[in-house]
Every structure is written in C-alpha cells, then in structure tokens.
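Visitor:
Residue numbers (this note's numbering), protein chains in the order written: chain A, 1 to 550; chain B, 551 to 832.
#1: Pick from 341/A, 215/A, 143/A, 311/A: whose alpha carbon is nearest that of residue 284/A?
#2: Out of curiosity, what's the CA-to-CA distance linking residue 508/A and residue 465/A?
#3: Residues of chain B with CB under 8 angstroms from residue 398/A, in chain order?
#4: What three-state label does DSSP hand residue 206/A in the structure shown?
#5: For residue 242/A versus residue 597/B, is the C-beta distance shorter than 8 angstroms?
#6: Strictly by DSSP, which residues pair up with residue 447/A?
#7: What do you reckon, are the CB atoms on residue 750/B and residue 600/B nearer than 8 angstroms?
#8: Interface residues of chain B around residue 226/A at Cβ under 8 angstroms?
#9: Three or more C-beta pairs under 8 angstroms: does that hold for the region 689-709 of chain B against the region 756-772 of chain B?
#10: At a CB distance below 8 angstroms, what residues from the region 648-659 of chain B approach chain A? Give them in sequence order.
#11: Buried or exposed, going by whether 16 or more other CB atoms sit within 10 Å of the CB of residue 800/B?
#12: Classify residue 437/A as helix, strand or coil using the three-state DSSP reduction.
#13: Entirely within the region 558-645 of chain B and at least 4 residues each: give me those alpha helix (DSSP H) ranges in chain order.
#14: Please list the residues of the region 623-636 of chain B that have a C-beta atom closer than 9 angstroms to any C-beta atom in chain A, keeping them in chain order.
#15: Would you kindly check if the distance between the Cβ of residue 742/B and the Cβ of residue 402/A is under 8 angstroms?
#16: With DSSP as the reference, label residue 184/A as helix, strand or coil.
#17: Which of the three DSSP states is assigned to residue 551/B in this structure?
#18: What distance in whole Å lies between the Cβ atoms of residue 177/A and residue 1/A, which are believed to be in contact at a cut-off of 8 angstroms?
#19: Can you list, in chain order, the residues of its chain with a C-beta nearer than 7 angstroms to that of residue 251/A? Leave out the 5 residues immediately preceding and following it.
#20: List the whole-angstrom C-beta distance separating residue 246/A from residue 572/B, where the pair is believed to meet the contact cut-off of C-beta under 8 angstroms.
#21: Among 323/A, 382/A, 423/A, whose alpha-carbon lies nearest the alpha-carbon of residue 188/A?
#22: Unbroken beta strand (DSSP E) runs of length 3 or more, entirely within the region 312-386 of chain A: which are they?
#23: What residues in its chain sit with their C-beta under 7 angstroms from that of residue 817/B, if we drop five residues either side in the sequence?
#24: For residue 44/A, list the residues DSSP reports as bridge partners.
#25: Need the endpoints of the alpha helix (DSSP H) that residue 836/B sits in, please.
#26: Going along chain A in order, which residues have a C-beta closer than 9 angstroms to the C-beta of residue 645/B?
#27: Mapping the DSSP letters down to three states, classify residue 545/A as helix, strand or coil.
#28: Considering only DSSP beta bridges, list what residue 90/A is partnered with.
#29: Taking buried to mean at least 16 other C-beta atoms within 10 Å of its own C-beta, is residue 410/A buried or exposed?
#30: Just to confirm before moving on: does the CB-CB distance between residue 468/A and residue 61/A stay below 8 angstroms?
#31: Apart from the five residues just before and just after residue 56/A, which ones in its own chain have a Cβ nearer than 7 angstroms to its Cβ?
#32: Does the region 419-426 of chain A come close enough to the region 443-461 of chain A that 3 or more CB-CB pairs lie under 8 angstroms?
#33: CB-CB under 8 angstroms to residue 339/A, same chain, minus the five flanking residues each way: which ones, in chain order?
#34: Quick one: Cα of residue 725/B to Cα of residue 582/B, how far?
#35: How far does the beta strand (DSSP E) with residue 255/A in it extend, from its first residue to its last?
#36: Rounded to whole angstroms, what is the Cα-Cα separation between residue 639/B and residue 654/B?
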C-alpha cells in the first residue's frame, strides 16, 4: 500500500499529539514521507483533539481526512471520526466509553486504569494499534515506545504490550505498507523556520507566547545552550519588538514572532524599525481572526495586515513560504534581506504551516550567513545618503558616535525639522525600496509548479493543499505561488494576465485575489475560499478545482 | 562642564528648565565614569519622547532615540546583545511611569543591568502641560482644567515593590549630588532607577517646593521595607540612594559566560550544531 492515513483522537490530556508524532516517526523509519496535522482546541483538559498522519512512499504535502485507520481514545472521538473512515478502513473505539460501535472495540479505559497516569497513557494505545496493524512485532513496538515515550517508560511499554495483545486477539485486518527510500527528518514549520534563521546566524529570539507562534520560543528556549541563540520572553509584544530593535544596534541578528493580536501591538515598533532602519525579522503566524478569533486553527486573513504594517512610508519586505521545507530556506533568506537593506521584514505563515509537521530535506550549508554593508573610513554618518539608499553600518562600542533615531534626522542621526533634509531622507528610504525591488528581480520570488493547464494562484500553506489536490485529483494545472508579497513581484506576472486564473486561499473576503487585481490587474475567474479554521482537504479541494476548470 | 560632550544641536529647553541640571549632571557623570575606567565608547543611551528626550540630541554619545516609554525595552535589547556595554535610558514621567510602565516594572523584576534616569516633572510638558502619572491631585492642565481628580503614583514605592536593586531620587538643584547618584547608578550591576525631581518652569514650577523640602540622605536604607518608608515621607523629600542590593543580573543568568555579539559562534560551528539537531537520534 502506498498512501496510508492514520487518525488518532481523544481528549486533551490523553497524549493525542504524541500519538500523532510517534506515528510520523514510525512511518519515517519505514522510509516513507509523512504529513502530520494536529487539530487541537484552546484548552488544557477535555474537549476533542486529534492528529492526522498521512504518509506515502512519494511526496506528500497534506493530510487526508479519509483514514485507513482511526483510533478513538474516547466516545466523543468515535462520534466525530465515524465519517472519516475509508470504506475498507479500520475503526478502533474505546469499549469503555463507546457502546455498540462499528469496528473493533478495545478496552482502553479498563487497561489504562491501573497506571499512574491513566489518562495521559491512553495515547500509547494509538501507537500500539498502529504497530500491530502495519505488521510490526511486539519487540519492535517496545523499541518504538522506549524511544518515543521515555518518561515513565516501563508503564508505557507495559500498557502498549497489553493493547498490542488485545489488538492481536480482536483485529483480523492488517495493512501492508510499502517501504520507501527516504530517511528524512520530520519537523514542524516553526521548527524548520527556527533552524533556517539559526543557519543564517541568528543571535537572539524574542517572543511573547501566542498560538501558533509560541513553539518558536519553545524551540529556542530548549536549544539555548546548543545553538547559542539567546531566547528572551519579555512582558508583552511591545517589549519584544522594542528590545529587538535595541539589540540590532550593537549588531545582534534578531527575530521575533507572534500572531495577529501580538503583531498589532508590535506595529508601533515596526514603524520605528522602518525609520531607524533597524533590521528586525518578524514572524507573523496567522490564525483565524478578527480579535481572539479561533486561536488554535488556521486562516490567511492577515495578508493585508502584514502588507500594511506600520504608520508612515518606509521599505518593508514580506514573504510567505509555501511549504515546511521552504520555511527553512526562506527564513534564512529573509534574515539576510533585513540586514542587507536595514529595514524590517515579515515572514508570514499560518497555523497550518507553523504547526503541521512533515518530512523535510534541509541543507543548512545552502543558507547564507546574514551580513551587512559595514562602514570603513572616517567621519561616520549613520544615515549617510548613498546611491542605493543603504547607509553603511558601524556597531558600538566605537570611537565614532553612532546615533539611530525615531525622529526624522540628518545624516548624523540628529533630529531635524528641516524641509530639505526631510525630503532627502524620504528619498533615501524610497531609493532603498527601489534597490530591494531591483535585487528581487534577480532571485526567485515566485514558485511555479506544473507545466501545462489552467493557472491556479495560491500562497502560503495553501500551496501545499493545492499541490496535493492536483496529485490526488490527477489534474493538470500550473500552480503559481508568489513567495514575496511586498514588494510584489509584478515583473513575473505578465504571462498570467490574459489567463483564466483560479485563486485558492483561506480568507472569507478573498484578500489574495484582490491583491492580484490591485498589483497586476489579474481578475480571477474563480476564487475558491475556505474560512472555517480548517485547512483544505486535498480530495475535497480536487473536486472544487475540477468544477472550476470545467 | 565638559563641552565636548555636546553635539552642537540647538537647545530648545525653556530658560531655567530642570533638564539643564540633568544634562550637566550627566556630562559630569560621564567624565567621572571615564576617570573610573568606564570608557565613553562603551556607553550607549536611549530616550523616550518628550522634553526630557531632547537630551539625546544634546549628548554626543552613541545610542538610539526611541519612542514614548519604549526606551526601557530598547536599552535592555542593547544590553542583552552586548553585555560589555553600559546602557542608560532617559525617560519622562509620562513616558516611563505611564506609557512604558510595564517595561519598567519588568526590567526591575528581571534585574536587567540597565540605568533609567527619569526626568519627573509631574506633567506632559512637550504636549503643553497635561496631567501625568505623578501630577498632584488638583493639578490644572488642558486635559484637567478644573484640576486632576486622580492621586499621583509614587514611582519609588512602585520600583521598590517590583524588586529594583538600586533606587535613587535626585534633584537638579543639587547638581553635584545628582552627578554622584548617576555615577553610582551606572556603576551598579543590575537595574538602577534615578527618579529626578525636575522643575518645569513653564507648566509646573516646583523649584520653591523642592528647594524647601529636599533633604540629602547619606546612607541607603538597610532594608527594602525601610526604603519604602523613606519613599513615602511627606514632611520632607529624601534624596539620595534609598535602596541598593547586590543580586544576579538577567543576562548572566541566561548565559553566565557568553556575549551574544562578541562571542558569536562561527558559521561552521553553528551549521555543525544545526546538523546535529536535524540528524537527531538517527
């Protein structure tokens, strides 16, 4: 069997996410590629969480919601996922919490009772059942549990073996999965982008917890001594962004991360970064808004918000990765960008990209080490007017006086209200914006997938959904994914202007479609939108695309 | 006075403003710090927005002219990036005790190794004299034409209860004393606050009040609690170091022996460490 999908569901506190990530590792060890989506609610105990892990011997860019194996750790999970089983799939329910279910009931409640963490341990049942049905031996299961569940390992192994025995007794179905040829690691989007920034020479990560960006802060906190990237968790997002600006002055490469609400608080500092020419990289990991919205789900409704950050005119770079792999390379590239041009940048992601995990091929040696134009000579002027608008940097401690300013200032950084200097400095920043655009023309700013067929525009994590939909629906099309969104690569758009374009995005008002119209007069024939907080499901999206192409 | 510390920028403070006394005290303090081995190039300054902040343009020192209340965060970023720098933030009362109050409390809480000098003139002068967090009850300004109906906050009490490891109060009318306070604050390893009672000749002239009521205290209080009692005294206004204690500073707790900018690991070393994470437990 090539493609295989496993769903595990239960209450928060029953180890559901771990049962998902362990499964991803199980598939990975079979040389298969995997994609894992964790669907969880904004709560700590109860409710319903589930993880979907789809895997294949070839490329896979999305989870599927029709599963071959569903393991339900509680009754609610069974009711929710009844409809998520393939016709020939296997449904496992907790016989202690579900009466007369279709499929196979296992005494998960009864068996877990005797363990010290009787709730948390339930997730192990997911991995035990999966191991059994894919033909792993009890010994192989033991090794897997030892690796994945090292805390309280003896109880975990004991419980896993009991579930395995129960499965052996009651389940008469097995799945033969093809082995793949890959040996790639599994990372989430946030882990991948954190590694990418590290590979570009990041010195400091500053963040205030907010889903779905928090796991970036967790990553750097956990790897503080290994990577030597200083993690800081200040009082609020305003503190975050202003500390970051301060840290860039002595030369630290700094990244900050948040979601929409936190970005709104950082916006004041974003404008300061624009004026003072501070190279700060902001990660904006979107979730459904407005306001608190739906904190742990996904949406692409912060596009306009990202593009229009900060009061006043100043150069800014906004880019959005279309895969977890790309988030590694693009974040490294963006850290280079902000240092090259000394201006703020935003890496725009969504929950679906930040917190989903997949097998990725990361090569740190391909990431450039962020550097800047440095001053040599005498009579240093922080805001020296230059041909390309970029003034050379000098870092304190220095015998020269180095003044950065939030006010309009002269070349030396002394506050000014002089009309000629104000004009001159605006022109300097505008020149820098033109330099950025000129340089972007030399690099890849738009990804294109597919040779022939109708044109589908998309961006961000939705790119993964579209690519998987085309694969599963056997649809021939050209996918166009602008990676850079500001400056928008209009120079790459000529060939699409006369096409019947389809847009796929996760915003209720079609923000991306209106951006295409505004920037390059592309008026889409169809805009496929989804705004229920859930990412597109490839089979469903394939149907919609077929209809649109008809 | 050390003229070479000026920038040549035109000074636009009102004649008689308490800010002149602060500026001169800072200049003298910089000279004194140099005598004590702290090089001028290792000083980095920041300021918020308000009359106080114009000091940024008047001091020929490196730094970043920040925004209202955020200089407290700005200088912490500078310090964490390169701990060999000594960072000084200038704030106003509306700035540090209002808009940026959360940053101030948390800087004290984490004992960030920074010095904040707050020009406390008990009003928003640059925006034409509105009431501020430290304006006395009854203060008349354009936003409170019949007098403020709010009680002022006591910044020293607030800082003492936030864990500040150095809390002082100075007065530009006692410039030599103020200079000494600034020197001691900058030398102190940890969070230092110098609240400066700054008369504002245009909107809140407090010279007479403070000339009569300030009294220099020679020794800091023994305990934080006794310092709080000093901070709330009403019949006199004690100036000097109210409280001082040694405790570990934030950046050294994160990395005891590592300066993120100066000791940055090489690209090869970093990539090797990343490869290790990527390979994981293979």
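Beta carbons are placed, not taken as given, at the ideal position from N, Cα and C, and that holds for glycine.
Guide: The relevant details are as follows:
#1: For residue 284/A, the closest alpha carbon among the candidates 341/A, 215/A, 143/A, 311/A is that of 215/A.
#2: 17 angstroms
#3: What residue 398/A touches in chain B: 591, 612.
#4: strand
#5: Going by C-beta atoms, residue 242/A is not nearer than 8 angstroms to residue 597/B.
#6: Bridge partners of residue 447/A: 481/A.
#7: No.
#8: 823, 826, 827
#9: no
#10: 652, 653, 655, 656
#11: Classification of residue 800/B: buried, given that the 10 Å Cβ count is 16 or more.
#12: helix
#13: 568-585, 605-608, 621-631
#14: Contact annotation: in the region 623-636 of chain B, residues whose CB is within less than 9 angstroms of a CB in chain A are 623, 624, 625, 626, 627, 628, 629, 630, 631, 632, 634, 635.
#15: no
#16: In this structure, residue 184/A counts as coil in the three-state DSSP scheme.
#17: Since pLDDT at residue 551/B reaches only 39, below the 50 mark, its modelled position is unreliable, and no value is offered.
#18: 5 angstroms
#19: 395
#20: Rounded, the Cβ-Cβ distance is 22 angstroms, inconsistent with contact.
#21: Checked all of 323/A, 382/A, 423/A; the closest Cα to residue 188/A is 323/A.
#22: 317-319, 345-350, 357-359
#23: none
#24: The partner list for residue 44/A (beta bridge, DSSP) is empty, contrary to what the question assumes.
#25: The displayed coordinates of chain B run from 551 to 832. Any statement about residue 836/B would go beyond what the structure contains.
#26: Chain A residues near residue 645/B: none, gap ~13 angstroms exceeds 9 angstroms.
#27: helix
#28: Residue 90/A is bridged by DSSP to 69/A.
#29: buried
#30: yes
#31: 2, 3, 32, 33
#32: no
#33: Here the set comprises 253, 279, 370, 371, 372.
#34: 14 angstroms
#35: Taken as a continuous stretch (DSSP letters only), the beta strand (DSSP E) holding residue 255/A covers 254-258.
#36: 11 angstroms
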